[in-house]
Structures are given as C-alpha cells and as structure tokens.
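In what follows, a structure is listed as structure tokens, so that the remarks can point back to it.
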Amino acid sequence: MNNTKWDELRLEMYALKPPPSWSTLSTNGYRSHPDREWFYHFREGGYESILHLDIKVETPAQREFVRSALKKVHVPGEEKPEGFRVFGYLQDGQAADFI
10 MNNTKWDELR LEMYALKPPP SWSTLSTNGY RSHPDREWFY HFREGGYESI
60 LHLDIKVETP AQREFVRSAL KKVHVPGEEK PEGFRVFGYL QDGQAADFI
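Under my numbering, think of the first position of the sequence shown as 10, with each following residue one higher.
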C-alpha cells in the first residue's frame, strides 16, 4: 500500500473518539506493541516496512465506526473477530478483498 493510503487511514483513525488500538507486523518480523496514538506514533519510521496493521475494536459501535472509516479509505484487508487487518504487502499467492 502506498504512503498516501497509509496517511489517509492514519487520519481517519485519529479522528475517531476513542481511537482504536493498533499494532503492526513489520517485514523483518517485528511486531509493535499495541498503541492508541495515531497522529505521531503510527507514522514514525515510515510505512514501507508494514506487512500488516491490526486494528483492535472494543465495542460493536467502535467496530462500525472503524469499518466505515476503512471503507472510506478503501484499503486491502479483512475483518477479524478482534477487529480488522489491513495489508501493506501480500504474500505470493495471497488474495485480499478491499474493506
């Protein structure tokens, strides 16, 4: 996914009150600790190494707000029981729908 899409996603999540927590899996295998700060922390280090982003939701209402924001940005990903996963890169043979 390109930097513009990551920034659009970041700003949509930042605007949600309360913001959902997030963590990333990097292409080098590092998983970040859960964080809720979207404006500065999410963009630290750039977006190039994000394999995927996990967004955790806590309530059905928050799930709806996050789903709506992700649809607005139109990102590749999937809905999961704990929230959403947005893909930065797909593995060979992996398919993804857009949220």
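We put the beta carbon where it would ideally sit given N, CA and C, even for glycine.
Nearest neighbour of residue 92, chosen from 65, 13, 71, 85 [CA to CA]: Comparing Cα-Cα distances from residue 92 to each of 65, 13, 71, 85, the minimum goes to 65.
Cβ-based burial, residue 69 [other Cβ within 10 Å; buried from 16]: exposed
Exposed unless 16 or more other CB atoms sit within 10 angstroms - verdict on residue 21: buried
Which of the three DSSP states, helix, strand or coil, is assigned to residue 80? helix
Can you name, in chain order, every residue of its own chain whose Cβ lies under 8 Å from the Cβ of residue 75, other than the five neighbours on each side? 22, 25, 29, 64, 66, 92, 93
Just how far apart, CA to CA, sit residue 103 and residue 38? 18 Å
Taking C-beta to C-beta, are residue 61 and residue 95 nearer than 8 Å? Taking 8 Å as the Cβ cut-off, residue 61 and residue 95 qualify as a contacting pair.
Tell me whether residue 20 sits in a helix, a strand or coil according to DSSP, three-state version. helix
Three-way DSSP call (helix, strand, coil) for residue 73 in this model: helix
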